[in-house]
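Reading through the structure tokens given below for one structure.
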Amino acid sequence: MLIIDTTHHSIGGKEYYEYIAFDTWFGLLHRHLRKGRECTWGYRILLAELEKIGYKPYVVVSDGGTGIFSMLRLFSLENRHQRCHVHILRDMRVGFRMNLKRMKSALRKYYIYKYAKLLLDSRTDEQYSLRWKHFQRVVLKMWNPQGDGEKNVVKAFVKVLDKAFTFTKFSDVPTTTNQVEGYISNINTRLKTMRGLKSPANAELLLNAIHHYLKQK
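804 is the number of the first residue of the sequence shown in our numbering; add one for each residue after it.
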């Protein structure tokens, strides 16, 4: 299974993103550094390089970041896309402006969030069907979202549900990007010991060395 993600680097005071393709079995497959913000073109380069080495994704797991959807359509992978459940719930918390330490400060938002999590935890079609009906009854009627902001958050959640359950159509598909995020966390931990990245050339040398070390490890 292919997990794709990006990590941000400041190099010489400018913004760069490192695009990472990570296989759940083989680890890092490919990466490249690109100046500017996260974008479709960065992901296109990533998938094009994988095609060159003959790698065909079984399922692509992602956080749904900027540019991913256009890339998936280009490579005809939109029906093999699994959205990360952790990021779906994180998007809901951010949209609701919920504080992790005070989740129950707004009970309506809290219960909507908890029912959304319960729905994402479904593991069979029957379980999903029952929980979806419960979600509609409780969230959309009893705990009806208030204001355009809350309504848009719930609409966004409902819209992404189709891609949240791709794992039910294929075997052994992770429902989170935790594996690659743990890998990225190791990269960032090692970069903290440096005094900043001064130039793209030096950054490439350093990042390649870190990736090589992590792969050997």
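Built from N, CA and C at the ideal position, the CB exists for glycine as well.
Name the two residues that bound the continuous beta strand (DSSP E) containing residue i.
| i | result |
| --- | --- |
| Q885 | H884 to R886 |
| L805 | L805 to I814 |
| L836 | G830 to K838 |
| F825 | K817 to D826 |
Residue i lies in the alpha helix (DSSP H); which residues open and close that run?
| i | result |
| --- | --- |
| V956 | G950 to A967 |
| V983 | N981 to L994 |
| R926 | From DSSP, R926 is part of no alpha helix (DSSP H); its letter is neither H nor E. |
Starting from the C-beta of residue i, find all residues in its chain whose C-beta is less than 6 Å away, skip the five residues before and the five after it, and write them out in chain order.
| i | result |
| --- | --- |
| C842 | G870 |
| A1006 | I814 and L1000 |
| K907 | Y913 |
| K838 | Y819 |
| Y931 | S925 |
| F938 | Y918 and L922 |
| P948 | K954 and V957 |
Is the beta carbon of residue j closer than 8 Å to that of residue i?
| i | j | result |
| --- | --- | --- |
| I891 | F960 | yes |
| T969 | V897 | no |
| L880 | P860 | yes |
| D808 | V963 | no |
| M945 | Y916 | no |
| V942 | Y918 | yes |
| L1008 | E821 | no |
| G867 | R886 | yes |
| L921 | R934 | yes |
| S865 | T980 | yes |
Given residue i, which residues of its chain have a CB within under 8 Å of its CB, disregarding the five upstream and five downstream residues?
| i | result |
| --- | --- |
| N991 | T810 |
| A909 | F899 and M901 |
Leaving out the 5 sequence neighbours to the left and right, which residues in its chain are closer than 7 Å to residue i when beta-carbon positions are compared?
| i | result |
| --- | --- |
| H833 | A824, L849, E852 and L853 |
| M874 | T843, Y846, R847 and L850 |
| T827 | M804, I806, P977 and Q982 |
Taking the DSSP output, what are the residues bridged to residue i?
| i | result |
| --- | --- |
| L1000 | I814 |
>> Report the start-end ranges of each beta strand (DSSP E) in the stretch 854-899 that is 3 residues or longer and not cut off at the edges.
In response: 863-865 and 884-886
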